[in-house]
Each structure stands twice: as C-alpha cells, then as structure tokens.
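Numbering of the sequence shown is given in this note's numbering, commencing with residue 1 and proceeding in unit increments. This report refers to the structure that appears directly beneath it.
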Amino acid sequence: MKRLINDPYDVVEEMLEGYVKAHEQYVKLLEHDGRVVVSKKAPVENKVGIIIGGGSGHEPLFLGYVGEGFADAAVIGNINTSPSPEPCYNAVKAVDAGKGCLYMYGNYAGDVLNFDMGAEMASMDGIRVETVLVTDDVVSSKEIKDRRGVAGDFYVFKIAAAKAALGADLDEVKAAAEKANANTRSMGVALSSATLPSTGKPIFEMGEEDMEIGMGIHGEPGVRRGKIEPADKVIDQIMEHILPDLPYESGDEVSVLVNSLGATPLLDLHICYRRVAQILKEKGIKVHKAFVGPFATSMDMAGMSVTLLKLDDELKELLDYPCDTPYFVQK
C-alpha cells in the first residue's frame with residue numbers, strides 16, 4: 001500500500017491538526033497538550049467525564065467518537081503506542097465536572113501503565129478516576145481478564161457514554177461499561193499487514209495469497225494462517241469461536257459489528273455480514289441493530305472482524321441513545 005504523508009515522524013501531529021480543523025464544530029485540541037482531543041461541550045455539568053484513548057493508526061478509534069452523547073475526550077498516542085501519562089492526566093483536568101471520570105481503552109500493557117499513572121496524578125488533585133479495560137478478543141487468551149481489546153471498544157465506550165449522558169454517577173457508569181464488556185466478543189481475520197509510516201514497510205510478513213484467522217489489530221498472532229478462503233468459510237470459522245465463548249444462544253438478542261481493518265471495502269464487509277446474519281438466524285439469535293464499516297482499523301491493513309454484543313433492556317436503551325460525533329451519529 002502507498003501512503004500520502006509528509007515527514008513520517010510528524011504524522012500524528014499533522015493528522016490531529018487536520019482532524020480538528022475538519023471537525024471544529026465538534027472538537028478542539030487542548031492548548032497546552034496537543035495529544036488530547038476534547039469535545040467543545042466539555043466539561044458537561046452534572047455528568048461523569050468519559051475519556052477514551054490509545055495509539056494512533058486505528059481511526060476513527062479513538063478520536064472519531066468524541067462528541068455529544070459519546071466521549072468527552074480522547075488521549076492520542078503515537079502509531080500503535082500508548083499515550084504518555086501526562087496527556088491522560090490533562091484529559092481528566094479538561095473534562096471533569098465534579099462527578100469524576102471514567103477511563104476506557106483496550107487491554108494493552110502500555111496503556112494500562114500510563115493511564116493508571118494519569119489516574120494517580122488526578123487523585124492527587126482530588127479527582128476520582130475509574131477504569132474499565134476492554135477485553136473482547138476471544139482468541140487472545142483463555143482468561144477473559146488477559147484478553148486484548150479490539151473493535152468491541154466501540155460498544156463498551158458507547159454504552160458507558162450513554163449512561164453518563166443520562167446523569168448516572170461514576171459507579172453506575174463503570175458498571176454499565178463492565179456489563180457491556182462482559183457481553184461483547186470479537187474475532188478478526190487479517191489478509192495483509194499494515195505499513196508503518198516511519199519505515200514504509202509492513203509490520204509483519206504475509207504472503208500475497210495468505211490470511212491469518214484471529215490476528216490482532218497490531219499484528220498479534222492469531223490461531224491459523226493459510227491460503228485466503230471464501231468469505232462464507234472465513235465467517236463460519238470466526239463464528240465458531242465467538243458463539244460458544246459467551247455463549248450466545250437461541251433466544252438471545254444481539255447487536256452486530258462487522259468492522260473493516262482499514263483496506264477492506266464495504267462491498268466485502270456486507271458479504272461477510274450476510275453470512276453472519278444467516279448463522280444468527282439459524283441459531284435463533286435476533287439482531288437488534290447492525291453496524292458495518294471501519295470502526296476500529298489498523299491503518300491500511302486488509303481484513304475484518306466480527307463483534308457481537310448480547311443485549312438486555314438496559315444495554316439496548318444505552319446502545320440506542322442519541323449521540324453526535326464526527327464518525328458516529330445516532331438520532
């Protein structure tokens with residue numbers, strides 16, 4: 001894949017500059033910290049602050065979900081790299097309205113370390129910060145607490161943000177996020193590597209005709225590498241891992257996210273969703289709402305993932321709650 005960039009070491013700053021200019025009705029950068037994207041409506045009175053974040057290269061995750069009814073701020077790291085503690089702390093200072101803040105991000109060691117340090121710094125100012133780690137990737141570990149967060153970030157962030165917008169306290173918002181995370185499962189397939197702007201080379205090597213089932217969004221190992229197979233067969237393998245993991249059973253109601261990892265077009269994604277919908281119907285599982293598109297990418301990686309969120313009345317209400325952000329609008 002070819003890239004349209006300038007100095008490869010300026011890509012994050014230039015991306016952020018362009019992003020806030022393009023979406024200035026929604027967001028701004030903190031004057032004293034160019035790695036924190038903040039909603040222009042933050043802080044919101046009588047509302048828990050919702051702060052998300054992680055490495056760059058996964059757009060529209062994380063910055064694309066800052067706006068009304070969703071996140072109040074996103075903390076942005078370098079490509080595939082966690083943000084440093086100082087921006088994590090600055091985000092809290094920017095959005096706290098007296099009810100505390102909730103950090104949410106994928107379960108990666110660097111993010112955990114640096115966001116935890118940001119929370120400690122905030123606590124010295126008397127601001128309570130709680131954390132929910134997203135752990136939706138079914139193949140990354142047998143232990144749920146050790147799993148990495150992938151496209152399921154979207155559901156967990158959305159649910160918690162809606163709960164906060166309704167005026168819930170910090171404990172209630174955290175509980176909603178934990179409930180969403182407990183009911184979310186994801187798995188993906190990679191058809192190619194992303195290319196690093198700093199080198200112009202792939203992160204990992206993959207043959208032109210190969211794919212890897214279960215690979216993570218940074219190139220973490222999956223469960224099987226082999227020749228590219230038809231879409232239906234790939235989805236069958238993914239669903240064979242996801243469905244029994246919760247498990248998702250007949251009579252359940254779910255939301256489905258079919259996510260592009262960056263280079264896979266909507267044409268392919270809808271072919272994949274078609275098969276997901278067929279399988280769920282066969283299993284007696286009802287789809288309340290589906291999302292198809294690039295929600296959590298890996299730059300120019302070819303591939304896709306499937307995420308299921310099992311719903312109850314509370315989660316359905318929070319999922320459907322209105323929001324308005326540059327990359328996700330729901331009325």
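By construction, the Cβ of each residue, glycine as well, lies at the ideal position given by its N, Cα and C atoms.
Check, Outcome
"Which complete beta strand (DSSP E) runs does the stretch 81-131 hold, if anything under 3 residues is left out?", "101-106"
"Please name the residue, chosen from K227, G219, S198, that lies closest to E209 on a Cα-to-Cα basis.", "K227"
"Whole alpha helix (DSSP H) runs in the stretch 213-283 with 4 or more residues, listed along the chain?", "231-242, 266-282"
"Would you call the stretch 156-166 and the stretch 179-186 touching, i.e. three or more CB-CB distances under 8 Å?", "yes"
"Could you name the residues of the same chain whose beta carbon sits closer than 7 Å to that of K316, not counting the 5 residues immediately before and after it, in chain order?", "H288"
"Can the beta-carbon of S192 be found closer than 8 Å to that of A302?", "yes"
"With DSSP as the reference, identify every bridge partner of Q330, one or two as the case may be.", "C323"
"When you compare each of M124, Y65, A151, V129 to I135 by their alpha carbons, which one comes out closest?", "The amino acid occupying residue 135 in the given sequence is Thr; Ile does not appear at that position. Here the closest residue by C-alpha is A151."
"State the start and end residues of the unbroken beta strand (DSSP E) segment that holds L29.", "27-30"
"The alpha helix (DSSP H) spanning G18 covers which residue range?", "11-22"
"With distances taken Cα to Cα, identify the nearest neighbour of D146 among R225, L133, Y155, F154.", "L133"
"Just the Cα atoms here: how many angstroms apart are V258 and H58?", "15 Å"
"Roughly how many whole angstroms lie between the Cα atoms of G214 and D324?", "32 Å"
"Return yes when the Cβ of T307 is within less than 8 Å of the Cβ of S186, no when it is not.", "yes"
"Keeping to the same chain, check which residues put their C-beta closer than 6 Å to that of G222; ignore five residues upstream and five downstream.", "E212, I213, G214, M215"
"With DSSP run on the structure shown, which of helix, strand or coil describes D153?", "helix"
"DSSP has K310 in a bridge; who is on the other side?", "V254"
"Taking buried to mean at least 16 other C-beta atoms within 10 Å of its own C-beta, is M206 buried or exposed?", "buried"
"What is the DSSP secondary structure of E68, counted as helix, strand or coil?", "strand"
"Apart from the five residues just before and just after L102, which ones in its own chain have a Cβ nearer than 8 Å to its Cβ?", "V48, G49, I50, I51, V129, E130, T131, V132, A160, A164, L170, V173, K174, A177"
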